[in-house]
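The numbers in full-length UniProt numbering rise by one with no breaks, and the one at position 33 of the sequence shown is 33.
Built from N, CA and C at the ideal position, the CB exists for glycine as well.
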Amino acid sequence: MFDSADLNEDQLSLLEEIYEIYGHMPAFKLSDITHESNGPWDVASREYGFFAPIGNDLIRSHYKQKRETAKKRK
1 MFDSADLNED
11 QLSLLEEIYE
21 IYGHMPAFKL
31 SDITHESNGP
41 WDVASREYGF
51 FAPIGNDLIR
61 SHYKQKRETA
71 KKRK
């Protein structure tokens, strides 16, 4: 069971920001975002099948690259 008392202020703030951005989106849109071409799910599923675990390093590097690309656009 989730208990927000287990999180610090920074963690709660991050979760609130994520909810503000994505909380209104329908499930199919969220699926499109998380299953984008060459994203972590796509890479893992092509290599190991649809139920393959997605390594934290793959996730981290993908979103780090996305963050850097977004910063350059500003």
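Per-residue burial, residue i [other beta carbons within 10 Å of its own, 16 or more giving buried]
| i | result |
| --- | --- |
| proline 40 | buried |
Spatial distance of residue i from residue j (CA atoms)
| i | j | result |
| --- | --- | --- |
| lysine 50 | valine 43 | A quick correction: the sequence has phenylalanine, not lysine, at residue 50. Approximately 10 Å, taken between the alpha carbons. |
| methionine 1 | glutamate 17 | 21 Å |
| glutamate 36 | alanine 27 | 14 Å |
For residue i, three-class secondary structure by DSSP
| i | result |
| --- | --- |
| phenylalanine 28 | helix |
| lysine 72 | helix |
| asparagine 8 | coil |
| arginine 13 | Sequence check: residue 13 is serine here, not arginine. If DSSP states are grouped into helix, strand and coil, serine 13 belongs with the helices. |
| histidine 62 | helix |
Within 9 Å, strictly: CB atoms of residue i and residue j
| i | j | result |
| --- | --- | --- |
| serine 4 | leucine 12 | yes |
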